[in-house]
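Participant:
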Amino acid sequence: MSLIVLIGFLAFLLQGCSSSADDINKKVRIVLVGNFIGDENAKKLISELERKSGDKVYIDQILYTGDTPKSEQEFAFMQKLMVMLAAGEGDIYVLDKKLFTNYAQNGAFYSLKSFVSKNKLNKFIDDTCYVKEKDKSAKDLYGIKADNVEILKKYGFDTKNKYIAIYVRSNKFSRAQKVLLTLLNSK
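See the structure below:
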């Protein structure tokens, strides 16, 4: 009898975990790598982006100071970032120049050249947004500067020297583009 109860309890737990993960995976997932904006500001940012984009959004926050991790917590967050990328999680990443360049060189992001051209977003790019992948001969546009993204500043995210990119393993590329456009055009 106790074995049946235990199996039932484990099945219930797994179903709960699966349901929660499925809910997150149905949303466009934005990963903010830098300072914490806090849960309240994250909820406000999500609400505004959902209202303006017409899509469902989830925000992940990863603490990163740009240096060698100074605490166990920061080290754990860097491990979380690596695990997320390895697992193919996240759609839009906002990260500093060092991380952006490293991941772009290794093919982690979609080219945004046609997206930027189509939506006339040249004010968000400069030469630093172009990166040469290790196995290619020419540079491509993999990121957009976050310095002037007002909605992120409004909710407390430090956008200085940050870049926004769409993860190449995202299975929501067109939806991520729509949310990214909303992110760039919101004040």
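Quick note: to get our numbering, add 93 to the position in the sequence shown (first position is 1).
For every residue, glycine included, the Cβ atom is placed at its ideal position computed from N, Cα and C.
Note that the structure is a prediction, hence the values are computed from the model and not measured.
Going by Cα to Cα distance, which pick from LYS119, THR158 and THR194 is closest to LYS227?
Facilitator: For the residues LYS119, THR158 and THR194, the minimum Cα distance to LYS227 belongs to THR194.
Participant: Using CA atoms only, rank isn't needed, just tell me which of VAL176, ASP233 and PHE217 is closest to LEU273.
Facilitator: Out of VAL176, ASP233 and PHE217, PHE217 has the C-alpha closest to the C-alpha of LEU273.
Participant: Does the separation of the CB atoms of VAL121 and ILE185 fall below 8 angstroms?
Facilitator: For VAL121 and ILE185, yes; Cβs fall inside 8 angstroms.
Participant: Where does SER267 land, buried or exposed, given buried means 16+ other C-beta within 10 angstroms?
Facilitator: Classification for SER267: exposed.
Participant: Taking GLY236 as part of the alpha helix (DSSP H), name the residues at either end of that continuous run.
Facilitator: Segment: none, GLY236 is in no alpha helix (DSSP H) and carries neither H nor E.
Participant: Have a look at LEU205, THR158 and ASP116 and flag the residue whose alpha-carbon is nearest the alpha-carbon of LYS253.
Facilitator: Among LEU205, THR158 and ASP116, the Cα nearest to that of LYS253 is on THR158.
Participant: Any idea if ILE257 is buried or exposed, counting beta-carbon neighbours within 10 angstroms, 16 or more meaning buried?
Facilitator: Classification of ILE257: buried, given that the 10 Å Cβ count is 16 or more.
Participant: With DSSP as the reference, please indicate the residues paired to TYR186 in a beta bridge.
Facilitator: VAL124 and ALA258, per the DSSP bridge assignment.
Participant: Can you list, in chain order, the residues of its chain with a C-beta nearer than 7 angstroms to that of ALA201? Leave out the 5 residues immediately preceding and following it.
Facilitator: Correct list, in chain order: LEU178, TYR260 and VAL261.
Participant: On the DSSP bridge list, what partners appear for VAL209?
Facilitator: VAL209 is not bridged to any residue.
Participant: Among ILE237, PHE168 and THR161, which has the Cα closest to the Cα of ALA197?
Facilitator: Ranking the options by Cα distance to ALA197, first place goes to ILE237.
Participant: With the cut-off set at 8 angstroms, would you say GLY127 and LYS255 are in Cβ contact?
Facilitator: Yes, Cβ-Cβ distance for GLY127 and LYS255 is below 8 angstroms.
Participant: Take LYS280 and list the residues in its own chain whose beta-carbon comes closer than 7 angstroms to its own, dropping the five residues that flank it on each side.
Facilitator: Answer for LYS280: GLU243 and ILE244, listed in chain order.
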